[in-house]
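J.:
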Amino acid sequence: MSTTTADPSHKTRNIILVGLIFAVVAFQLNATMLNPAVKQMESALSATTAQIAFTTSLFFLSKAIFQIFMPRLSDMQGRRKILIITMGILIVGTVISMLAPNVAWLYVGRAIQGACGPVFSIALLILRESTADEKEYGSKLGLIIAINGGVAGIDVILGGWMADNWGFRSILAFTLAITLVALYMIIRWVPESHPSQGEKMDWVGVVFLSIFFVTVSWAVGSNPFFLITNKSTDMWIWIGTAVVAMIAFILWEKSTKTPLIPRAHLTNRAIWFMPLTTILTLTSIMAIVNLVVPSFTQNPDAGWGMEASTASLLFMSPYALVGWIAGPFAGRLAGTYGYRFLLRASIAANVVILIFLALFGLSNPWVFGILIFLLGVTYAGTTNVMLNGLGVVLSPKEAPGLLPGLNGASFGIGASLSFALLGKTITAGSPKGSESIAGYQNAIWIGVGIMIATLLVSMLLPKPSADQAAEVEK
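Numbering (our numbering) for the sequence shown: 9 to 482.
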């Protein structure tokens, strides 16, 4: 039984939105603002680049694991309650990271911070229950999703400036202050709801599914704990473990009285094809935007040899900013034209832009910049919004937090696949010191192929039922 206040006023809905935005911003800043501070962390903690990179691996691994079950747990225990707990955990992790005397303590702090990743999915669920109609929900959804992708590029620029002037601990002090403000807002403004109150969590199913997602990630992105040293052995062991875990999960779900996925939905196309669509989308484009762009523009031999700050200002910041602006408009249009239609249209647009990028973008910085800017509209501002929106809309009514959780974990898997696959392609075709652009070009063509496959898989997504479509209009 839900305890959500019915039809809150426009003013109340906007106050709730502000609280949710601060919660998402608090987590997002911890995910992005430390990126420019790698050198400062190495120096302050006497650590290597690999060790600092490992802290980020722990952060995202923790995020993926907790994303699987926390949204569903919020259905049962109360969304406001779980959101408050996640903000409290984020505060603890940030304090530990800020005061870390060595890299081992930074490992602990960043892993604890990552456990708060589900704040985004839970915020979308709260937003849906507190919004009056489809168009209003779409606009606010787009805004929150755009923020979750980065605070218009300002977060990275500010993080770099703070790291240069005051060190990495100043960044964590800043994010701690934002988190405290977010916690206060949630306590004061966000209503409680328990759409699945009284139900029990399927913890065995959670374990099997967590093993599946983690081992798939390790199979394609390498095992961060270095338990096995042979890369080929690594891959096949993790693939085998993932297959066994998925078979065990399905068998358990069919036998238990309290399944994580209701039995009637084990054959639901949304449960399987929504995460697959997300994985393929992220695999096709994530490393193009976040690896090809900075690597090629800064490459002194194959690319244009730009400074990191120059490349960020010319290409990455405009991409992030236009995505941040376009998100709310895309969300509002989804209320009129439908999430599936806009998802497929934006994926098709991504294909066209990537083809032009492969053919013409690497030879001219102006063309390159314009095409990356357009990807900010089509991918960051539209595809990303539709993927998250469909994850909420298509989730089973009796388990509204289920699909957003699975979908959220799929973003991490897709990103891992993208960096592993496209990164190797770049290195093989354009090795260090080479003037060849073949590696970058081949990486983009692989992205094109996977994006076409994504479009085909998206055709298998079911249309939201009348009940699902009407749910947001309460």
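From the three backbone atoms N, C-alpha and C, an ideal C-beta is built for every residue, glycine too.
How big is the Cα-Cα spacing for Thr11 and Lys208?
T.: Model confidence at Thr11 stands at a pLDDT of 45, short of 50, so the residue's coordinates are unreliable; what they give is reported in the following sentence. Rounded to the nearest angstrom, the two C-alpha atoms are 18 Å apart.
J.: Expressed to the nearest angstrom, what Euclidean distance is found between the alpha-carbon atoms of Asp163 and Thr40?
T.: 7 Å
J.: For the segment 410-466, list the alpha helix (DSSP H) runs that are entirely contained and at least 4 residues long, ordered along the chain.
T.: 410-437 and 446-466
J.: Go to Gln205, then tell me how far its alpha helix (DSSP H) extends in each direction, as first and last residue.
T.: Unbroken run through Gln205: none, as it is neither H nor E.
J.: Find the nearest neighbour of Gly413 within the set Thr63, Ala278, Ile194 and Gly206, judged by alpha-carbon distance.
T.: Ala278
J.: Assuming Leu362 and Ile445 make a contact with CB atoms under 8 Å, what is their CB distance in whole Å?
T.: The Cβ separation is near 15 Å, so there is no contact.
J.: With respect to 7 Å, is the separation between the Cβ of Glu144 and the closest non-hydrogen atom of the ligand GDP below this value?
T.: Among the components of this structure there are no ligands whatsoever, and the ligand GDP is therefore not found.
J.: Go to Phe176, then tell me how far its alpha helix (DSSP H) extends in each direction, as first and last residue.
T.: Segment Phe176 to Trp197, the alpha helix (DSSP H) holding Phe176.
J.: With DSSP as the reference, label Met41 as helix, strand or coil.
T.: coil
J.: Report the three-state DSSP secondary structure of Ala478 (helix, strand or coil).
T.: Reliability of the predicted coordinates at Ala478 is poor, the pLDDT of 45 falling under 50, and no value is obtained from them.
J.: Which residues bound the alpha helix (DSSP H) around Ile104?
T.: Arg87 to Leu107
J.: Among Leu25, Pro203, Gly389 and Ile60, which has the Cα closest to the Cα of Val116?
T.: The shortest Cα separation from Val116 among Leu25, Pro203, Gly389 and Ile60 belongs to Ile60.
J.: If you run the structure through DSSP and keep just helix, strand and coil, what is Pro472?
T.: coil
J.: Alpha carbon to alpha carbon, how far is Glu200 from Glu479? Give it in angstroms, no decimals.
T.: For Glu479, the predicted model reports a pLDDT of 45, less than 50, meaning its position is unreliable; a value from the coordinates is still stated below. Glu479 and Glu200: Cα-Cα distance of roughly 18 Å.
J.: When DSSP labels each residue in this structure, what does Phe209 get in the three-state scheme?
T.: Correcting the residue identity first, residue 209 is Met in this sequence and not Phe. Correct three-state label for Met209: coil.
J.: So what's Thr13 in DSSP terms, helix, strand or just coil?
T.: Residue placement at Thr13 cannot be trusted, given a pLDDT of 44 that sits under 50; what the coordinates show is reported in the next sentence. Coil.
J.: Give me the residue from Val32, Phe220 and Gly389 with the minimum Cα distance to Leu245.
T.: Note that residue 245 is Ile in the sequence shown, not Leu. Of the candidates Val32, Phe220 and Gly389, the one whose C-alpha sits nearest the C-alpha of Ile245 is Phe220.
J.: Is the Cβ-Cβ distance between Gln75 and Thr102 less than 8 Å?
T.: no
J.: Is DSSP giving Lys265 helix, strand or coil here?
T.: coil
J.: Out of curiosity, what's the CA-to-CA distance linking Phe419 and Asn392?
T.: Whole-angstrom Cα-Cα distance: 10 Å.
J.: If we call anything under 8 Å between Cβ atoms a contact, is Ala357 one with Gly146?
T.: Contact: no.
J.: Grab me the residues of Lys482's own chain with a C-beta within less than 6 Å of its C-beta, minus the 5 sequence neighbours each way, in chain order.
T.: With a pLDDT of only 39 at Lys482, under 50, the local geometry of the prediction cannot be trusted, and no value is derived from it.
J.: In the DSSP assignment, find the alpha helix (DSSP H) that holds Glu406 and state where it starts and stops.
T.: Counting along the chain, Glu406 falls outside any alpha helix (DSSP H), and DSSP gives it neither H nor E.
J.: Just to check my reading of the structure: Ala461 and Leu288 have Cβ atoms closer than 8 Å, yes? What is that Cβ distance to the nearest angstrom?
T.: 6 Å
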